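Enquirer:
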Amino acid sequence: MANDKQPACMTCSPKGLCGGKGLLTLKEGAWANNPLAIQVLGICSALAVTSRLENSLVMGGALIFVCVGSNLLVSLLRKCTPHRIRMIAEVGIIATFVIIFDQFLKAFYWDMSKQLGPYVGLIITNCIVMGRAEAFALQNPPILSIIDGIANGLGYAAVLAIIGFSRELLGAGEIFGYKVLSGEWYTPNQLMILAPGAFFAFGIAIGIFNWIRGPEPEEKKP
Amino acid sequence: MSETSAFVIFIAAIFTNNILLTNFLGLCSFIACSGQIRTSLGLGTAVTFVMVMTTILNYVIYHFILVRFGLVHLQFIVFIAVIAAFVQLVEMFVERFSPRLYFALGIFLPLITVNCSILGASLFMIIRKYSFIQSVGFGLGAGLGWGVAIVLLAGLRQKMRYSNIPEPFQGVPIAMVVTGVLAMAFMGFAGMVSIQ
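In the order they appear, the protein sequences are chains A and B. Per the working numbering, the very first residue in the first sequence carries number 1; after that it's consecutive. Per the working numbering, the very first residue in the second sequence carries number 223; after that it's consecutive.
#1: Does any CB atom of chain A fall closer than 8 Å to the CB of B:Leu362?
#2: For A:Ile206, which residues of its own chain have a beta-carbon under 7 Å away from its beta-carbon, when the five flanking residues on both sides are left out?
#3: Here's a check: name, in chain order, each residue in its chain whose Cβ is nearer than 6 Å to the Cβ of B:Ala228, leaving out the five neighbours to either side.
#4: Taking CB distances under 8 Å as the criterion, tell me whether A:Cys44 reaches chain B.
#5: Which residues in the same chain as A:Leu122 place their Cβ atom closer than 7 Å to its Cβ, once the five residues preceding and following it in sequence are excluded?
#6: Does A:Ile175 come out as helix, strand or coil in the three-state DSSP assignment?
#7: Would you give the residue range spanned by the alpha helix (DSSP H) that A:Gly22 belongs to?
#8: Taking 8 Å as the CB-CB cut-off, is B:Ile233 touching chain A?
#9: Exposed or buried, which one is A:Thr125 when buried takes at least 16 other CB atoms within 10 Å?
#10: Within its chain, find whatever has a CB closer than 7 Å to the CB of B:Ile231; leave out the 5 residues flanking it on each side and keep chain order.
#11: Just the C-alpha distance for B:Leu319 and B:Phe271, rounded to the nearest angstrom, thanks.
#12: Within 8 Å of any Cβ in chain B, is that where the Cβ of A:Gly177 sits?
#13: Can you tell me whether B:Asn386 is buried or exposed? The criterion is at least 16 other CB atoms within 10 Å of its CB, across all chains shown.
#14: Going by beta carbon distance, what residues of the same chain come within less than 7 Å of A:Val49, once the five residues before and after it are set aside?
#15: Taking Cβ to Cβ, would you say B:Thr335 is nearer than 8 Å to B:Val312?
#16: Quick check on DSSP: helix, strand or coil for B:Pro388?
#17: Does the beta carbon of B:His295 come closer than 8 Å to any beta carbon on chain A?
#18: For B:Asn240, does the three-state DSSP call read helix, strand or coil?
#19: Establish whether the CB of B:Asn245 and some CB of chain A are separated by less than 8 Å.
#20: According to DSSP, is A:Gln103 helix, strand or coil?
#21: Which two residues bound the contiguous alpha helix (DSSP H) that contains B:Ile372?
#22: Which residue comes first and which comes last in the alpha helix (DSSP H) that contains B:Leu265?
#23: On the CB-based measure, 16 or more other CB atoms within 10 Å of its CB, does B:Phe315 come out buried or exposed?
#24: Check the Cβ of B:Leu341 against every Cβ in chain A and list those closer than 9 Å, keeping chain order.
#25: Hey, A:Val129 and A:Val66: beta-carbon distance below 8 Å or not?
#26: By Cβ distance, which residues of its chain are closer than 6 Å to A:Ile94, with the 5 residues on each side in sequence left out?
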């Protein structure tokens with residue numbers, strides 16, 4: 001496995017068992033197949049917690065932790081999980097990690113736990129975690145699954161940070177609670193903190209993301 | 223909180239504190255299934271039904287089992303198990319006794335297990351310390367509010383099929399922006415009643 005990590009060929013197909021599979025997985029999850037911007041999964045929490053940059057980062061961290069943990073466990077258990085009950089097994093594993101994180105937050109960061117409210121618990125129904133367990137960890141060895149978890153968590157956290165940054169900057173004129181935009185030339189636009197601002201920021205962010213990637217041949221329309 | 227009547231909570235959950243437009247819950251299926259008004263009506267009905275029933279079930283389980291035995295930290299795993307089991311049960315029941323309803327509603331039921339608004343409603347009920355009657359009002363209002371929002375968006379998206387949208391914004395991005403406008407419109411109700 002250690003030798004496999006060399007990024008020998010980046011051009012190989014994702015299915016081929018050659019060199020840069022770990023790196024390819026990382027790139028796939030964090031950029032090319034970003035769970036939020038491309039697949040549009042798990043947006044509920046992404047909108048709810050992004051009114052401040054700090055909350056966004058904590059939530060991103062939570063998702064990385066849960067995704068890595070559940071991917072690892074699902075992957076370790078993949079040989080002995082009966083196919084029919086795999087869903088409920090996955091939900092159980094995910095819920096376990098969410099409870100661990102929630103208890104940790106309640107014990108050490110009470111204020112943050114209060115601010116995030118029910119959204120920590122709602123990571124259980126976050127489609128990203130479930131989707132990765134189902135689509136990746138069930139078929140792949142543990143180490144690759146960890147990398148996949150990190151990649152998808154990072155992709156999620158990065159988009160969250162961008163939205164949180166722009167909403168806090170435009171809505172309150174602050175970054176991490178410090179005044180950045182103030183004075184007579186900028187009046188904070190309260191709308192960005194409120195619910196509609198989240199929808200606008202997210203819609204525009206995906207639009208810009210699509211624009212940067214160029215006109216991808218995405219023909220399948222639901 | 224305890225003196226607010228259930229009816230006020232019911233109205234507030236539909237309009238001023240719409241679970242979708244102010245709390246962002248249940249967005250995944252909201253975006254995915256809002257193509258047609260008929261589909262979204264079916265989904266809205268199913269969500270309302272499941273939400274009321276699971277709020278009641280979770281209320282009873284939380285207050286009579288989890289609190290009594292000091293197992294409150296297990297609430298997430300218990301709630302999601304209750305929701306999944308209930309949805310499965312309803313699906314089997316409907317399939318057995320009313321095949322017509324099953325074809326109208328059945329395909330949406332599995333989707334509901336992963337709809338975060340259902341779990342979210344249960345969690346809000348606990349966090350806001352509702353009584354039993356208030357929880358029923360909240361569950362019903364939240365479900366109906368979700369249904370109203372998805373039907374509204376479905377109507378808007380049907381019209382948008384004929385408009386000229388810039389290439390990168392087609393599909394999800396424009397749906398999000400439109401939802402933002404919808405949320406702004408719902409903010410107009412804010413002065414009516416308020417719960418928090």
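Built from N, CA and C at the ideal position, the CB exists for glycine as well. Here the structure is a predicted model, which means the values were calculated and not measured.
Expert: If we stick to the structure as given:
#1: Chain A contact via Cβ: absent.
#2: Answer for A:Ile206: Ala37, listed in chain order.
#3: Here B:Ala228 has Ile355, Gln356, Gly359 as same chain residues with Cβ atoms under 6 Å from its own Cβ, once five neighbours each way along the sequence are excluded.
#4: Closer than 8 Å to some Cβ of chain B, the Cβ of A:Cys44 qualifies, so yes.
#5: Here the set comprises Cys44, Ser45.
#6: Here A:Ile175 sits in strand by DSSP.
#7: Per DSSP, A:Gly22 belongs to the alpha helix (DSSP H) from 21–27.
#8: Not one chain A Cβ lies under 8 Å of B:Ile233.
#9: With 16 or more other Cβ atoms within 10 Å, it is buried.
#10: The residues Gln356, Gly359, Phe360, Gly363, Ile417, in chain order, have a CB closer than 7 Å to that of B:Ile231 in the same chain once the five nearest residues on each side in sequence are set aside.
#11: Checking the sequence shown, residue 319 of chain B turns out to be Phe, not Leu. The alpha-carbon atoms of B:Phe319 and B:Phe271 are separated by roughly 17 Å.
#12: Closer than 8 Å: no.
#13: By the Cβ-count criterion, B:Asn386 is exposed, with fewer than 16 other Cβ atoms from all chains shown falling within 10 Å of its own Cβ.
#14: Residues Asn55, Ser56, Met59, Leu116, Tyr119 of the same chain have their beta carbon placed closer than 7 Å to that of A:Val49, with the five preceding and five following residues left out of the count.
#15: 8 Å or more divides the Cβ of B:Thr335 from the Cβ of B:Val312.
#16: Correct three-state label for B:Pro388: coil.
#17: Yes - at least one Cβ of chain A is within 8 Å of the one on B:His295.
#18: B:Asn240 falls in the coil class under three-state DSSP.
#19: By this cut-off, B:Asn245 is an interface position.
#20: Helix.
#21: Element bounds for B:Ile372: 354–382.
#22: Taken as a continuous stretch (DSSP letters only), the alpha helix (DSSP H) holding B:Leu265 covers 259–283.
#23: Here B:Phe315 is exposed, its C-beta having fewer than 16 other C-beta atoms within 10 Å.
#24: Result: Pro118, Gly121, Leu122, Ile124, Thr125.
#25: Contact: yes.
#26: Ser70, Ile124, Val129, listed in sequence order.
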